[in-house]
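Respectively, the protein sequence lines represent chains A and B. Residue numbers for the first sequence follow the numbering used here, beginning at 1341 and rising by one. Residue numbers for the second sequence follow the numbering used here, beginning at 1341 and rising by one. All residues carry an ideal CB built from backbone N, CA and C; glycine is no exception. The structure under discussion appears below in the form of structure tokens.
There are 2 protein chains.
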Amino acid sequence: MSGRRTTIKDVASRARVSAATVSNVMLGRRGATADVADRVREAASALGYVADRSASQLRSGKTKVITVLVPNLTDPFFAGLIAALERCTQAEGFDIIVGSSNADEEVERQRLAALLSWRPSGIVVVPHRDDFPNRAVIDHLRLPYVVLDRAAPELPTDAVVADNREATAEAAAHLLDHGHRDILVVTSTFRLGNIRERFAGVVDQFAARGLPPPPSLEVGLTFEMVAERMAVWLAANKRPTAFLTVTNFVTMGVLSHLGQIGLSVPRDASLIGFDDYPWMRAATPAITAIRQDVTSLAEQTWALLRRRMEAAASPPQRLTIPCQLVVRDSVRRIGPPVDLLSSAPSRRPRRASAAASRS
Amino acid sequence: MSGRRTTIKDVASRARVSAATVSNVMLGRRGATADVADRVREAASALGYVADRSASQLRSGKTKVITVLVPNLTDPFFAGLIAALERCTQAEGFDIIVGSSNADEEVERQRLAALLSWRPSGIVVVPHRDDFPNRAVIDHLRLPYVVLDRAAPELPTDAVVADNREATAEAAAHLLDHGHRDILVVTSTFRLGNIRERFAGVVDQFAARGLPPPPSLEVGLTFEMVAERMAVWLAANKRPTAFLTVTNFVTMGVLSHLGQIGLSVPRDASLIGFDDYPWMRAATPAITAIRQDVTSLAEQTWALLRRRMEAAASPPQRLTIPCQLVVRDSVRRIGPPVDLLSSAPSRRPRRASAAASRS
DNA sequence: TTGTATGCGTTATCAT
DNA sequence: ATGATAACGCATACAA
């Protein structure tokens, strides 16, 4: 056989119809005689014909492509987001083109430009910085896009984010309810608004119980840095009875360091992590963690994007997705619930998780 | 501004040159006067022009697209592979389109067909089954492709796989050297050749020391199934002194079950896992594990694919990438090295890791 | 060095 | 219900 690809013409001649008819049958368009439609389909499958997307897109102007740009393809959170998005889009015939910015402003700009050359129907981006300066590149082309996970409150774009603040408030409540008031909030960096929100949620809950804000510690992005910063902090301060770690990586780093210095969880210290992954179930003890609803995050993003793809003119919308505290074995009760404002120590101001916007 | 996209003609008229010249300048083709080139580039950036890929591909016949199909986008191993591949291809201007087959034969076929409509320059696929019946779909279009990670030995295609057999042989040696001879090899399923290879490596090493093959146990794909199968097996058999778990998920499942029944690693049982992830470093104890070189896997795949993209006619090649045993704290010494064939118990038949093909 | 003309494979329009 | 034809935006061969 020749190296030439089978085109619509090959199918047409085999089915003894015109190219237009083949196109119509394949797209399920206009009414075609059952006989003709069968011949076309038979010819198409016999020849292994698949329409060329470049030609199709060029002519129709419709791309059926969604591009997704994340800081890092390896991070299980982003990988999960992409997987969930793929599930949404694939059902409607959209393909996904992925890119990663390596958490670098310049790379992000370049990758964005490259992805834009596809003339995608829509774009999903988890920006490197949550003020997302590179959005100018997309705005210029007037393409529909949704900012996912990292979106500064004042960002005038469609956005979908987890309810970070409410989630950590609930986690803090869980800790306080188990008698912990000496808590260290361990963060990766405060550069990201969603990380700041996570800390703010803890502060909220402490304030609600008449307590001053707990301390926080930035530990950076490698196991080594975490160990070093933790060691310094622990040498200079009284050991907290509980840790709240605001990312999966920080959770691993803190756990690793505690193990190294011979501290046992939850005997010597309790711990709640932000983000929930299967290993936390396997760990000893199993880790109590805040689960982000990745599926819901993706579904809402897709819904928002679809709306924007259909009707461009509507005010930007911001969706906040509730998280869920998964209670396992890494928090130990060390005393009665802590609540300075309540006479009855058993009172628990457990706010039901709400999807209220907080912009 | 209009909703129309800026095309090459807009740039041409603004720069007062022909479309052909714009094309040539943008592609860095034929010599152009510095003056003209500058005008073109100025116009292009002023207008925010990015060439339409559909049109470009249709005309040139060159796509600069690699499609990647994996069973599951969520699995950190596949996610890591995609990330590494993206690093390779992006450097040369190729974009990646991803798809997942959900480990289903029919879905795989459909997704493959969808990806093929892009007329990609190359395809990387981690098939659902390692005999990859769906490759007929690709063969029919004569597109270059490489099978990654799961490739039956007799598969007559380019393939890149980890040296599963050598890796587990080394792990088994490590266990035997620490006095363990009652080992249970815990597998997900034996349907996949690479899983069978992992078991075979252990058998190799046992045979090399004059020992009969150790038992193995298939535990399936959920935590619940793992717990159930493990419970049944442990009730019926003497408890092994060590476990060798052949996938990340199985490692988590076994660890979780051991924790639940109150067995401590490595005090009550030692453990080596196949696949190494950051959480294993954070776990207590840190888990000794076999690390697959994901970067190398991806690089070799890309190299093979490039070769195939350039020169179609050469016999299929199979590359085997060595793994590495990362020794941490989950294996305890319980006695002298076990080696029935050696008079000196200290002898260790440690074969240097080799990239030899074993097809 | 630059411009003109052509065609890639498909879908949309219009004619039949 | 089906066919003929044009056009999408670009890259290329060739003319100038």
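In this structure, DSSP gives Q1632/B a state outside helix and strand, which the three-state scheme calls coil. With respect to the C-alpha of T1529/A, the residue from V1405/A, S1556/A and T1635/A having the closest C-alpha is S1556/A.
Residues of chain A whose Cβ lies closer than 7 Å to the Cβ of F1563/B are, in chain order, R1621. Within the same chain, V1464, V1466, V1500 and T1641 come within 6 Å of L1488/B by CB-CB distance, once the 5 residues on both sides are set aside.
Beta-bridge partners of V1408/A (DSSP): V1438/A and V1464/A.
Here V1590/B carries a helix assignment [DSSP, helix/strand/coil].
Its chain contains D1392 as the residues whose beta carbon lies nearer than 8 Å to that of R1345/A, once the 5 sequence neighbours on both sides are disregarded; these appear in chain order. If only uninterrupted beta strand (DSSP E) runs of at least 3 residues are considered, those enclosed by the region 1480-1554 of chain A are 1485-1488, 1499-1502 and 1523-1527.
In summary, the residues of the region 1600-1620 of chain A whose CB is separated from some CB of chain B by less than 7 Å are P1618 and W1619, in the order they occur in the chain. Going by beta carbons, A1507/A and L1680/A fall outside the 9 Å limit. Judged by DSSP in its simplified three-state form, G1368/A adopts coil rather than helix or strand. In this structure, V1486/A keeps its C-beta atom at 9 Å or more from the C-beta atom of R1538/A.
Identification of chain B residues near Q1545/A by a Cβ-Cβ cut-off of 8 Å yields none; the smallest Cβ-Cβ distance measures about 26 Å. Counting other Cβ atoms within 10 Å of its Cβ, H1514/A reaches 16 or more and is therefore classed as buried.
Residue environment: H1520/B is assigned as buried (16 or more neighbouring CB atoms within 10 Å of its CB, all protein chains considered). By the neighbour-count criterion, in which 16 or more other beta carbons inside 10 Å mark a residue as buried, V1667/B falls on the exposed side. DSSP, read as helix, strand or coil, puts R1459/B in coil.
One alpha carbon belongs to G1368/B, the other to A1377/B, and they sit about 9 Å apart.
By the neighbour-count criterion, in which a residue is buried when 16 or more other Cβ atoms sit within 10 angstroms of its Cβ, E1510/A is buried.
In this structure, the beta-carbon distance from L1413/B to V1447/B does not fall below 9 Å. Taken in chain order, the complete beta strand (DSSP E) segments of 3 or more residues contained in the region 1594-1652 of chain A are 1610-1614 and 1628-1631. No Cβ of chain B is located within less than 9 Å of the beta carbon of I1463/A. Close to M1592/B, with beta-carbon spacing below 8 Å, are these residues of chain A in chain order: P1618, W1619, R1621 and A1622. Look at T1581/B: its C-beta is not under 9 Å from any C-beta on chain A.
Contact with chain B is found for V1390/A, since one of that chain's Cβ atoms lies less than 9 Å from the residue's Cβ. DSSP, reduced to helix, strand and coil, places L1665/B within a strand of the structure shown. Residues of chain A whose Cβ lies closer than 9 Å to the Cβ of A1419/B are, in chain order, L1413, T1414, D1415, P1416, F1418, A1419, G1420, I1422 and A1423.
Going by C-alpha positions, A1476/B is about 41 Å away from I1627/B. V1487/B has a beta carbon lying at 9 Å or more from every beta carbon in chain A. The beta carbons of V1605/B and P1625/B sit about 6 Å from each other, so the pair counts as a contact at 8 Å.
A1653/A is classed as exposed because its beta carbon has fewer than 16 other beta carbons within 10 Å across all chains shown. Using a CB distance below 8 Å, no part of the region 1629-1651 of chain B faces chain A. Residue pairing of S1556/A in beta bridges, as defined by DSSP: V1525/A. In terms of beta-carbon proximity, F1472/A stays away from the interface with chain B, with every pair separated by 9 Å or more. Within a 10 Å sphere around the beta-carbon of A1492/B sit 16 or more other beta-carbons, which makes this residue buried. Within its own chain, the residues whose Cβ lies closer than 6 Å to the Cβ of I1630/B, once the five positions on either side in sequence are excluded, are A1507, A1511, F1614, C1663 and L1665, listed in chain order.
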